[in-house]
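Residue numbers (my numbering), protein chains in the order written: chain A, 247 to 359; chain B, 774 to 1329; chain C, 1017 to 1100; chain D, 4 to 143.
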């Protein structure tokens, strides 16, 4: 059960970072922490059903559930893609404004209106 | 016949590859034509699929031949038919518009086609994790398309949308994990079948469903989760705003619809009445305050989604048909409005109402199509918005508060469209030298941009003139039965509702153009949540819905 | 004030997730897992069950994933490319 | 920035082994831990190591971005073609139409092997491309 509490705290930490950090890059890093916590959650759920890796060589018994692991591969790729896109958007924004602080960027945009 | 279903998803992807490849390998610049041909192929396929679906048959397709809980299944039932139909029609029309605009490279069409294919996959799939993957395709394609112009505001809008929607998709994954923990499978029908064995745990099941709903709800833009929408839809290129507002938010909502209907959780469905009513009201109030013409339309997308969601929440077969009818109508007239305003911005390069006032008189054709769209969204007979709004408010009769909120929202719709129609009426501000320098605006509109406007306004009028036929078709498609509507759409009592909102709307408009009124409007325009607050609202929205469910769920 | 609200909401979420203590108590039903363990090797020929699920039973997910990657790559290129 | 001799030497000697390991991961994906995606990422990391150590001009001469994007899109096309081939041969999209067999005592799975190869190349090309573009921004 300890693992579950740790996963939950990682989850909350990620959300806290996304919600309260002012720097765009820190927000993106927190987003990645958040996604990782969900990946770990899936792997944890799968891992409770067995003890060995799901590679069916001879004399292997009691393997873990392979389905969450296969799905998490997909999920990891998706989170990498979102990271890449978010980082390049942040770079683009930085070039236009000269700052990564979201509050300053928003002030600037509000003044323009 | 079955293979046609999968081709519906694959053809846009194949065509998107072609748009990249033909430029690179052969140097042919025919991306728009390729995209249009591919989308028309999809339309033909869809029409082939109509007869069996209309007879109430659900076409199932097992990917790779693996049966349901093991592999992934794709369903083609009435709901997915209607959703794909809307998506393809609006997509085709927007493609024509962007072809006429000539501003876009081949990559634009690549992203556009992937967006289309992703939306079809997302609504047709019967597996939650596959739904997650398709929604990510849809959302990544839309992030890129919103940022396509690379202007500062669109970059920032895209970034905000990316963060908010990724947070939402995280909640979606949490919901999938909880469901898998409880049931051990990912297919929606399988979970519904197992649900009866899990009665002691329905609470956890419902909480899992709430996190799924919040995850997709960010894209469907209902009340606490709507904050990204105005910027994203306003600063995207015009055809993209048309497809995002017209189709994408509806596809997301129909996915929620599918999850809730298949898993059959009535106590959860009732929450949507209140969410919908508040969404409608808030969207309308903020829409009045805006001065940017595309932002008004974007806020109206939120408001009209509120109507749809409230109709869905009532959960009688009558209100479900009403809600789906409004989805169809809204996607038609909202695309029409976005494209009409898009023509104006394309010609002038300006987007504030004050700068554009009176300009529309120079382009009479666009003036007419705008009028059709505006009258439809306001609910004036005999246009289609009138019929579906009447149906929704009739079905809300048992919930007086929600009925009242919805009524105020439609008054607000009138007011803001009187404000927006300043583009198309009145005299041109003579100080504005821009209009004097350039003349012959009428001839500058490309023919390819006129065709979509014409098609959409024709469809708006047709669906408005034959409401009985359309609702009959919809109810056959989604409920396999014909609902009885003892409602006479064009009766005097229904006209009066529309007349009342017109009168109130007009008086409210006169109120806001006074000095005090415009001060309030200025204040409203400036109160918009920052990125951090809107991210916090997503988390708070999840908690709110859960608390609301725990409080009301036991009562019902 | 803002900070307090943020921390309160997040702690509330955490409290809620932990209070639903039986979220993870039961093991997930093992029917699907048993199907893969028993028939996976025979039906697909791959010893690595993760690979066999990833590319055979749920290859459609993988197709979606490759599309996401292609989108991200062309999106990054689109953002950094100089406009002609 | 002057290039350090040590970094230069080590990265040049190391990266072929990284690429070899990536090929092992991809081609043994159905038999041991690993697979297309993991192998592809390792493949990209080998190239990126060279890129960071020797400057990307050196790498771009051997691996022009245009060729990489051709690999990226082409592999996507081949993936869909594999699915359509399954449709034509077996009757279902993405059906596993090769029969599993054995060479000596090693089980072979042509469908999974082939798709692993496709995904590995695609992921490798894609991530290398992303890094090329992001690194290029860093310099200017």
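Quick reminder that beta carbons are idealized off the backbone N, C-alpha and C, glycines included.
Label residue i either buried or exposed according to how many other C-beta atoms from any shown protein chain fall within 10 Å of its C-beta, with 16 as the threshold for buried.
i, result
"residue 353 (chain A)", "exposed"
"residue 1037 (chain B)", "exposed"
"residue 13 (chain D)", "exposed"
"residue 10 (chain D)", "exposed"
"residue 1034 (chain C)", "exposed"
"residue 1320 (chain B)", "exposed"
"residue 350 (chain A)", "exposed"
"residue 1264 (chain B)", "exposed"
"residue 344 (chain A)", "exposed"
"residue 774 (chain B)", "exposed"
"residue 273 (chain A)", "buried"
"residue 1075 (chain C)", "buried"
"residue 894 (chain B)", "buried"
"residue 1145 (chain B)", "buried"
"residue 1272 (chain B)", "exposed"
"residue 123 (chain D)", "buried"
"residue 1083 (chain C)", "buried"
Go ahead and pull the three-state DSSP assignment for residue i.
i, result
"residue 849 (chain B)", "strand"
"residue 736 (chain B)", "An answer regarding residue 736 (chain B) cannot be provided, because it is not within the stretch 774 to 1329 covered by chain B."
"residue 898 (chain B)", "strand"
"residue 311 (chain A)", "coil"
"residue 1067 (chain C)", "helix"
"residue 298 (chain A)", "strand"
"residue 95 (chain D)", "coil"
"residue 953 (chain B)", "helix"
"residue 1166 (chain B)", "helix"
"residue 797 (chain B)", "helix"
"residue 347 (chain A)", "strand"
"residue 127 (chain D)", "helix"
"residue 135 (chain D)", "helix"
"residue 1040 (chain B)", "helix"
"residue 1029 (chain C)", "helix"
"residue 1065 (chain B)", "strand"
"residue 1329 (chain B)", "For residue 1329 (chain B), the pLDDT reaches just 44, beneath the cut-off of 50, and the residue's location in the model is therefore unreliable, although a value from the coordinates is still provided. It is coil, neither helix nor strand."
"residue 1125 (chain B)", "strand"
Going by Cα to Cα distance, which pick from the options is closest to residue i?
i, options, result
"residue 994 (chain B)", "B:949, B:934 and B:778", "B:934"
"residue 1010 (chain B)", "B:1292, B:980, B:920 and B:944", "B:920"
"residue 1323 (chain B)", "B:898, B:976 and B:900", "B:976"
"residue 295 (chain A)", "C:1048, C:1017, C:1087 and C:1098", "C:1048"
"residue 1138 (chain B)", "B:1088, B:1219, B:779 and B:931", "B:1219"
"residue 1066 (chain B)", "B:807, B:1034 and B:1130", "B:1130"
"residue 1073 (chain C)", "B:845, B:826 and B:819", "B:845"
"residue 927 (chain B)", "B:1006, B:911, B:872 and B:898", "B:1006"
"residue 859 (chain B)", "B:819, B:1306, B:806 and B:1049", "B:819"
"residue 1237 (chain B)", "B:1106, B:960 and B:968", "B:1106"
"residue 335 (chain A)", "D:97, D:23, D:36 and D:136", "D:136"
"residue 1143 (chain B)", "B:1175, B:991 and B:1234", "B:1234"
"residue 15 (chain D)", "D:133, D:54, D:28 and D:42", "D:54"
"residue 1230 (chain B)", "B:1255, B:868, B:1104 and B:1090", "B:1104"
"residue 739 (chain B)", "B:799, B:1116 and B:1185", "Nothing in the structure corresponds to residue 739 (chain B), since chain B is present only between 774 and 1329."
"residue 812 (chain B)", "B:922, B:786, B:799 and B:852", "B:786"
"residue 38 (chain D)", "D:101, D:119 and D:57", "D:119"
Establish whether the CB of residue i and some CB of chain E are separated by less than 9 Å.
i, result
"residue 75 (chain D)", "Although the question refers to chain E, the structure presented lacks it and instead comprises the protein chains A, B, C and D."
Q. Along the region 922-953 of chain B, what residues have a CB closer than 8 Å to any CB found in chain C?
A. 923, 951 and 953
(Q) Output needed in chain order: residues of the region 89-100 of chain D with a Cβ under 8 Å from some Cβ in chain B. (A) 89, 90, 93, 94, 95, 96, 97, 98 and 99
Q: Name, going along the chain, the residues of the region 20-38 of chain D whose beta-carbon falls closer than 9 Å to a beta-carbon of chain C.
A: For the region 20-38 of chain D, residues whose beta-carbon sits nearer than 9 Å to a beta-carbon of chain C comprise 31, 32, 33, 34, 35, 36, 37 and 38.
Q: Could you name the residues of the region 1075-1087 of chain C whose beta carbon sits closer than 8 Å to any beta carbon of chain A, in the order they occur along the chain?
A: 1077, 1078, 1080, 1081, 1084, 1085 and 1087
Q: Give, in chain order, every unbroken run of the alpha helix (DSSP H) that is at least 4 residues long and sits entirely within the region 7-35 of chain D.
A: Correct list: 8-30.
Q.
At a CB distance below 7 Å, what residues from the region 893-909 of chain B approach chain C? Give them in sequence order.
A. 902, 903, 906, 907 and 909
**Q.** Residue ranges of each alpha helix (DSSP H) within the region 776-845 of chain B, 4 or longer
**A.** 804-827
Q) Of all the alpha helix (DSSP H) runs that stay within the bounds of the region 34-97 of chain D, which reach a length of 4 or more residues? A) The region 34-97 of chain D contains, as complete alpha helix (DSSP H) runs of 4+ residues, the segments 39-57, 59-65 and 68-92 (chain order).
(Q) Residues of the region 1054-1066 of chain C in Cβ contact with chain B at a cutoff of 8 Å, in chain order, please. (A) So the list is empty, because no residue satisfies the distance condition.
**Q.** Selection of the region 1152-1172 of chain B by Cβ proximity to chain C, strictly under 9 Å
**A.** Contact residues of the region 1152-1172 of chain B toward chain C are absent (C-beta to C-beta distance below 9 Å).
Q.
Give the list of continuous alpha helix (DSSP H) stretches no shorter than 4 residues that lie fully inside the region 937-1004 of chain B.
A. 961-967 and 975-993
Q: Could you run through the region 320-331 of chain A and flag, in chain order, every residue whose CB is less than 7 Å away from some CB of chain D?
A: 323 and 330
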